[in-house]
Amino acid sequence: RTTLMMRNLPNNYTRDMLVQLLDREGFAGSYDFVYLPVDFARGCGLGYAFVNLVDASLVTKFKCCFDAFSNWKLRTTKVCQVTFSDRDQGLKANIKRYRNSPVMHPSVSDEFKPCLFSDGVRVPFPAPGR
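See below:
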């Protein structure tokens, strides 16, 4: 299992802030999928995110780093909890789930969309299949 759910993220954290945090904590190139769901009406995060690691051997290190993490860039008392995603596991499952999702519609701002990475560099999400 490689897809983790990070809970209790600050609601004003953005996807890009999360990606910067992952890289700053030593995980650059260690993940290939990041999605931080957003409340479009309020324009802020829902307080959780999904991260898929490129290898299951990284899970323990990731949990050690981010479970009970509270060193956010923003002022908050939130303490992160890391669990396995109970919805989708693995890069292929996450791509399948989101490539035809309404969140991928062209009218949705890029900052609110899930994104893919290869060797630490963002790559395009596959086009919708329908």
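The numbers in the working numbering rise by one with no breaks, and the one at position 49 of the sequence shown is 49. Beta carbons: idealized from backbone N, C-alpha and C, even for Gly.
Coil, strand or helix - serine 118 by DSSP: strand
Validate contact between the region 108-127 and the region 57-64 using beta carbons, cut 8 Å, 3 pairs: no
Residues bridged to glycine 45 [DSSP beta-bridge criterion]: Val38
Three-state secondary structure assigned by DSSP to threonine 14: coil
Opening and closing residue of the alpha helix (DSSP H) in which arginine 97 lies: 91-98
Burial state of phenylalanine 40 (16 or more Cβ within 10 Å): exposed
Three-way DSSP call (helix, strand, coil) for valine 82 in this model: strand
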